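Just so you know, the working numbering puts 821 at position 639 of the sequence shown, and the rest follows in order with no gaps. Each remark here refers to the structure printed beneath this line.
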Amino acid sequence: MARPTLLVALIGAVVACAGAHGDLPDPQLMRPVLLHAGPECAIYARCPTQKVLPDEDLAQAKDLLRAERIELAAARGEREQVQLVLRPGSELAGVSLSFSALEGPAVIPEAWSWDRVACTQVRRGSYHYGLRTDQSGLLPDPLEPPGLFDAPGGINTSLLLTIEVPRDAPPGEYSGSVMVESDGFSATLPVALTVWDIALPEQHRLINYATAVESEPAAFSRMRELDVNTLKYGATGIGVTVDDAGVMTLDFTEYDRQAALLLDELGYYFIGVPPSMPLTGRGPVDNYLGLGVQVGSDEFWPLFEQYMRGVGDHMRERGWADRVIWKIGDELPEEMYPITAMMCERAKLVWPELGILLTTNFMSDELAQHLDIWCPGWHLFAVRADEAPAQWLQRRAPGMEMWAYLNSAYMLNAEWNPGALRLFPAALAKNGFTGALWWSLKATGSGYGDEYEGEPDPWTEMRPYKSVRPDKVYYDFGNGHMLYQTREHDPVWRSSLRWEAFRQGMDEYDLLMLLQERAEAAVERLGAYGELEEGLAAQFAAESWASTLATGFRLQSYRGDATWIHRFRQLLANEIEALGREPLALIGVSPLGALLSTPATIKPVSGSEVDVASPAEATIFGTCREGATVTVSGERVEVPPGPGYSRFTHDVALQPGRNLVTIEVTAPDGATNTFYRELLHIPQAEPEG
Numbered sequence: 183m184a185r186p187t188l189l190v191a192l193i194g195a196v197v198a199c200a201g202a203h204g205d206l207p208d209p210q211l212m213r214p215v216l217l218h219a220g221p222e223c224a225i226y227a228r229c230p231t232q233k234v235l236p237d238e239d240l241a242q243a244k245d246l247l248r249a250e251r252i253e254l255a256a257a258r259g260e261r262e263q264v265q266l267v268l269r270p271g272s273e274l275a276g277v278s279l280s281f282s283a284l285e286g287p288a289v290i291p292e293a294w295s296w297d298r299v300a301c302t303q304v305r306r307g308s309y310h311y312g313l314r315t316d317q318s319g320l321l322p323d324p325l326e327p328p329g330l331f332d333a334p335g336g337i338n339t340s341l342l343l344t345i346e347v348p349r350d351a352p353p354g355e356y357s358g359s360v361m362v363e364s365d366g367f368s369a370t371l372p373v374a375l376t377v378w379d380i381a382l383p384e385q386h387r388l389i390n391y392a393t394a395v396e397s398e399p400a401a402f403s404r405m406r407e408l409d410v411n412t413l414k415y416g417a418t419g420i421g422v423t424v425d426d427a428g429v430m431t432l433d434f435t436e437y438d439r440q441a442a443l444l445l446d447e448l449g450y451y452f453i454g455v456p457p458s459m460p461l462t463g464r465g466p467v468d469n470y471l472g473l474g475v476q477v478g479s480d481e482f483w484p485l486f487e488q489y490m491r492g493v494g495d496h497m498r499e500r501g502w503a504d505r506v507i508w509k510i511g512d513e514l515p516e517e518m519y520p521i522t523a524m525m526c527e528r529a530k531l532v533w534p535e536l537g538i539l540l541t542t543n544f545m546s547d548e549l550a551q552h553l554d555i556w557c558p559g560w561h562l563f564a565v566r567a568d569e570a571p572a573q574w575l576q577r578r579a580p581g582m583e584m585w586a587y588l589n590s591a592y593m594l595n596a597e598w599n600p601g602a603l604r605l606f607p608a609a610l611a612k613n614g615f616t617g618a619l620w621w622s623l624k625a626t627g628s629g630y631g632d633e634y635e636g637e638p639d640p641w642t643e644m645r646p647y648k649s650v651r652p653d654k655v656y657y658d659f660g661n662g663h664m665l666y667q668t669r670e671h672d673p674v675w676r677s678s679l680r681w682e683a684f685r686q687g688m689d690e691y692d693l694l695m696l697l698q699e700r701a702e703a704a705v706e707r708l709g710a711y712g713e714l715e716e717g718l719a720a721q722f723a724a725e726s727w728a729s730t731l732a733t734g735f736r737l738q739s740y741r742g743d744a745t746w747i748h749r750f751r752q753l754l755a756n757e758i759e760a761l762g763r764e765p766l767a768l769i770g771v772s773p774l775g776a777l778l779s780t781p782a783t784i785k786p787v788s789g790s791e792v793d794v795a796s797p798a799e800a801t802i803f804g805t806c807r808e809g810a811t812v813t814v815s816g817e818r819v820e821v822p823p824g825p826g827y828s829r830f831t832h833d834v835a836l837q838p839g840r841n842l843v844t845i846e847v848t849a850p851d852g853a854t855n856t857f858y859r860e861l862l863h864i865p866q867a868e869p870e871g
């Protein structure tokens with residue numbers, strides 16, 4: 183579909199501290215919530231995008247909300263999370279949690295799981311990728327498994343609660359409770375859950391690509407549970423022998439055992455081609471397949487063709503030929519593009535189903551002909567914000583997939599994390615990307631000299647990834663580390679607040695893809711194939727809705743206050759549901775400024791927030807069924823008759839701050855469908871003097 187250049191459908195950006203609006207109140211978790219007060223223990227609910235520091239006094243929060251219940255909302259087949267924060271007056275020993283069934287249109291007996299949020303020590307702030315962070319000391323991130331625990335007095339103990347909605351749960355309102363008990367204390371916290379009339383796909387739409395933390399089956403299983411769905415290598419152990427005549431023999435006995443576990447039993451989407459990348463940023467490897475042959479030499483090409491043909495034929499025989507992605511190289515310089523293109527071309531000749539991936543900043547026309555997936559680093563300033571999106575669009579047009587990696591998003595001690603990781607998948611959707619790549623999930627730091635002693639233990643203290651350059655030393659705490667290692671008393675790899683935030687963001691990615699599908703289907707159902715309708719459908723696509731969370735791709739353009747994710751989900755869910763019922767309509771808003779003016783963004787190292795202004799007036803426009811009536815915020819709109827459908831426009835004046843616009847479309851039989859647009863008006867600052 184043609185993409186419009188001026189008219190953009192949107193839900194609008196908001197200031198997170200504003201209150202309720204009309205018939206669509208703000209979701210509860212946009213603010214800290216006091217659920218239980220008393221000298222024994224205060225209990226709060228908090229959005230999981232926010233780190234709750236041990237000594238943070240939530241009772242002093244200016245926007246504190248007092249409520250009698252926890253309020254959550256989710257799609258069928260979705261996981262939704264909330265932090266429960268305990269603040270005892272004195273130590274509570276042997277604290278336990280239990281949960282009632284959720285009752286509503288059906289009974290959901292076992293929907294809950296939980297983890298205790300632990301803290302790890304960080305000695306200083308991070309400074310890397312144009313970002314500076316200031317948090318240090320004990321910071322919440324590792325997730326301890328459920329079980330009895332002690333809650334110290336006078337400080338916070340955070341629990342991450344997860345509710346998993348069954349895919350077959352009827353939509354509607356459910357209620358239940360969470361019980362917190364210890365010696366001499368108990369509290370029952372009511373829970374209200376809204377299940378939307380939306381079902382997420384059984385498998386995430388976003389490719390989540392990482393290197394395995396261990397090669398043991400238990401580790402592979404655990405990573406899959408934590409939503410890693412594609413492995414850099416995965417199965418290994420192909421036996422390679424070459425006789426005196428140069429004929430290669432491959433033994434797949436061990437490899438098949440591993441591949442069957444990963445692909446057939448655990449359900450990984452893709453695995454890699456072993457044993458390693460043939461090309462690196464330093465040049466071609468000099469020991470291809472352990473045979474002492476340099477990649478690109480005359481001896482190399484016959485061996486390369488035999489190996490790729492043999493592996494491809496075997497994978498085809500096993501039914502796995504199209505479930506393999508070959509990462510040919512990592513951050514290659516442009517002078518290596520010719521040999522890269524040649525290797526890709528020859529590999530495709532003998533294994534046409536193979537997907538080929540390259541991480542690099544730039545793309546040549548020659549190389550693009552042979553690659554399936556281009557993965558640029560969004561944190562790298564060589565990837566220019568003023569040029570890269572147009573280049574990506576050019577490569578996507580003929581069918582190349584785009585993935586990204588964002589090393590700056592790892593930062594453990596950033597004030598804006600784990601919120602930024604929650605928004606990363608939406609930024610991927612905005613830019614038309616289909617995959618996220620993680621260079622590591624278990625790195626324990628590097629290059630830290632004599633400052634640290636002994637073996638690293640991230641459970642106790644996070645060591646930095648250190649990069650020494652001629653002009654400066656860069657520190658990044660948490661880079662390459664998302665999952666916490668096994669311990670003697672606990673043989674399971676554990677998740678983190680940051681990783682759980684990203685996993686939650688994968689659900690928002692799925693919702694955005696579902697919205698795209700519903701919008702395109704609505705164009706067909708309306709029978710309105712004009713440029714306006716094609717533009718509206720394209721605007722409903724992820725890039726415009728996700729712009730309320732990230733105006734660009736680099737981390738500095740993400741919303742600083744990620745609690746707004748709850749308002750985003752609320753509006754998005756309503757839109758998806760509305761596009762599935764009659765009377766049908768497609769709604770858009772102009773101008774773009776009402777969407778993109780987001781003052782609460784992450785600050786770069788140099789400079790402060792950019793002064794922004796957005797328009798005081800916006801135009802609501804759209805297409806609906808012929809004969810329908812339309813009101814915008816209660817005002818009747820003239821809808822000229824059309825050829826089976828009608829188009830309309832209506833100007834609305836915006837007040838400073840957030841503006842909720844309600845659009846009601848009513849059919850001749852009285853059925854009404856309601857759409858919402860929330861717009862932001864930031865007045866122009868008065869000039870000084």
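All residues carry an ideal CB built from backbone N, CA and C; glycine is no exception. Owing to the predicted nature of the structure, the values given are computational and were not obtained by experimental measurement.
Sheet register partners of residue 617 (DSSP bridge): Translated into positions along the sequence shown, residue 617 becomes position 435. BP columns for residue 617 point to 389, 585.
Segments assigned beta strand (DSSP E), at least 3 residues, entirely inside the region 372 to 444: Counting only runs of 3 or more, we get 389 to 392, 421 to 424, 430 to 433.
Minimum C-alpha distance to residue 546 - residue among 574, 798, 616: Translated into the one-based positions of the sequence shown, residue 546 becomes position 364. When each option's Cα is compared against that of residue 546, the closest is 574.
Through-space distance from residue 761 to residue 360, alpha-carbon basis: As a working mapping, residue 360 is identified with position 178 in the sequence shown. As a working mapping, residue 761 is identified with position 579 in the sequence shown. Their Cα atoms are separated by approximately 35 Å.
Cutoff 6 Å; reference residue 148; Cβ partners in own chain excluding five residues on either side: Beyond the ends of the chain as shown, which are 183 and 871, falls residue 148; an answer cannot be given.
Presumed contact (8 Å Cβ cut-off) between residue 302 and residue 640, rounded CB distance: Against the sequence shown, residue 302 aligns to sequence position 120. Against the sequence shown, residue 640 aligns to sequence position 458. Confirmed, Cβ separation roughly 6 Å.
C-beta atoms of residue 553 and residue 536 nearer than 8 Å: Start at 1 with the first residue of the sequence shown, and residue 553 comes out as number 371. Start at 1 with the first residue of the sequence shown, and residue 536 comes out as number 354. At a Cβ-Cβ threshold of 8 Å, residue 553 and residue 536 do not count as neighbours.
Residue 851 - DSSP class collapsed to helix/strand/coil: In the sequence shown, counting from the first residue as 1, residue 851 sits at position 669. Of the three classes helix, strand and coil, the one that applies to residue 851 here is coil, per DSSP.
Between the CA atoms of residue 273 and residue 330 - distance to the nearest angstrom: What you label residue 330 is simply residue 148 of the sequence shown in a count that begins at 1. What you label residue 273 is simply residue 91 of the sequence shown in a count that begins at 1. Roughly 14 Å between the two C-alpha positions.
Where residue 841 sits in the DSSP three-state scheme: Stepping through the sequence shown from its first residue, residue 841 is reached at position 659. Strand at residue 841.
Among 829, 845, 865, nearest to residue 838 - alpha-carbon criterion: Numbered from its first residue, the sequence shown carries residue 838 at position 656. When each option's Cα is compared against that of residue 838, the closest is 865.
Residue range of the alpha helix (DSSP H) that includes residue 758: Working through the sequence shown from its first residue, we reach residue 758 at position 576. Unbroken alpha helix (DSSP H) run through residue 758: 747 to 760.
Identity of the residue in 708, 764, 668, 847 nearest residue 327 by Cα: Residue numbering aside, residue 327 sits at position 145 when the sequence shown is read from its first letter. Among 708, 764, 668, 847, the Cα nearest to that of residue 327 is on 668.
Spatial neighbours of residue 790 in its chain, beta-carbon cut-off 8 Å, leaving aside the 5 residues before and after: Along the sequence shown, one-based indexing puts residue 790 at 608. Because residue 790 carries a pLDDT of 34, less than 50, the predicted location of this residue cannot be relied on, and no value is offered for it.
Residue ranges of each beta strand (DSSP E) within the region 312 to 355, 3 or longer: 319 to 326, 331 to 333, 339 to 346
Contacting residues, own chain, Cβ-Cβ under 6 Å from residue 508 (five flanking each side not counted): Looking up residue 508 in the sequence shown gives position 326. Answer for residue 508: 455, 536, 538, listed in chain order.
Proximity winner among 829, 678, 751, relative to residue 299 (alpha-carbon distances): Indexing the sequence shown from 1 puts residue 299 at position 117. Checked all of 829, 678, 751; the closest Cα to residue 299 is 678.
Alpha-carbon to alpha-carbon, residue 660 and residue 681: Translated into the one-based positions of the sequence shown, residue 681 becomes position 499. Translated into the one-based positions of the sequence shown, residue 660 becomes position 478. If you take the alpha carbons of residue 681 and residue 660, they lie about 11 Å apart.
Assigned secondary structure, residue 836 (DSSP; H/G/I helix, E/B strand, else coil): Position 654 of the sequence shown, counted from the first residue, corresponds to residue 836. Residue 836: coil per DSSP, three-state reduction.
Nearest neighbour of residue 581, chosen from 564, 609, 615 [CA to CA]: On the sequence shown, position 399 is the one that residue 581 refers to. Closest by C-alpha distance to residue 581, out of 564, 609, 615, is 615.
As assigned by DSSP and simplified to three states, the class of residue 150: For residue 150 there is no data in the structure shown, the boundaries of the chain being 183 and 871.
Inter-stretch contact at 8 Å, needing at least 3 Cβ pairs: the region 434 to 452 / the region 407 to 422: yes
Paired residues, beta bridge with residue 511 - DSSP: Along the sequence shown, one-based indexing puts residue 511 at 329. Paired residues: 461, 540.
Beta-carbon gap between residue 827 and residue 708 smaller than 8 Å: The residue labelled residue 827 in the question sits at position 645 within the sequence shown. The residue labelled residue 708 in the question sits at position 526 within the sequence shown. Yes, Cβ-Cβ distance for residue 827 and residue 708 is below 8 Å.
For residue 375 and residue 260, believed in contact at Cβ under 8 Å, the rounded distance: Looking up residue 260 in the sequence shown gives position 78. Looking up residue 375 in the sequence shown gives position 193. Rounded to whole angstroms, the Cβ separation of residue 260 and residue 375 is 11 Å, and the two are not in contact under 8 Å.
Start and end residues, beta strand (DSSP E) containing residue 687: As a working note, residue 687 is residue 505 in the sequence shown. Where residue 687 is concerned, there is no enclosing beta strand (DSSP E), although the alpha helix (DSSP H) it sits in stretches over 679 to 708.
Inside the region 262 to 320 only - beta strand (DSSP E) runs reaching at least 3 residues: Segments of the beta strand (DSSP E) lying fully in the region 262 to 320: 274 to 281, 294 to 304.
Rounded straight-line distance, which links the Cα of residue 820 to that of residue 515: To locate residue 515, count along the sequence shown from 1; it is residue 333. To locate residue 820, count along the sequence shown from 1; it is residue 638. Answer to the nearest angstrom: the Cα atoms are 59 Å apart.
Whether residue 859 touches residue 845 by CB criterion (8 Å): For this step, residue 859 is matched to residue 677 along the sequence shown. For this step, residue 845 is matched to residue 663 along the sequence shown. For residue 859 and residue 845, yes; Cβs fall inside 8 Å.
Buried versus exposed, by CB contacts within 10 Å (16 or more), residue 642: Counted from its first residue, the sequence shown places residue 642 at position 460. Exposed, since its Cβ has fewer than 16 Cβ neighbours within 10 Å.
Residue 815 - DSSP class collapsed to helix/strand/coil: Here residue 815 refers to the residue found at position 633 when the sequence shown is read from its first residue. Of the three classes helix, strand and coil, the one that applies to residue 815 here is coil, per DSSP.
As assigned by DSSP and simplified to three states, the class of residue 454: The residue labelled residue 454 in the question sits at position 272 within the sequence shown. Strand, per DSSP.
6 Å CB neighbourhood of residue 803 in its chain, flanking five on each side removed: As a working note, residue 803 is residue 621 in the sequence shown. So the qualifying residues of the chain are 770, 831.
Residue 251 versus 563, 406, 702, 211, residue with shortest Cα-Cα distance: Taking the sequence shown and counting its residues from 1, one reaches residue 251 at position 69. Ranking the options by Cα distance to residue 251, first place goes to 211.
Nonlocal neighbours in the same chain, by C-beta distance under 8 Å from residue 853, ignoring five residues either side: Your numbering for residue 853 matches position 671 in the sequence shown. Once the five neighbours on either side are set aside, the close Cβ partners of residue 853 are 764, 765.
Proximity below 8 Å, CB of residue 388 to CB of residue 610: Within the sequence shown, the letter at position 206 stands for residue 388. Within the sequence shown, the letter at position 428 stands for residue 610. The answer is yes: Cβ separation under 8 Å.
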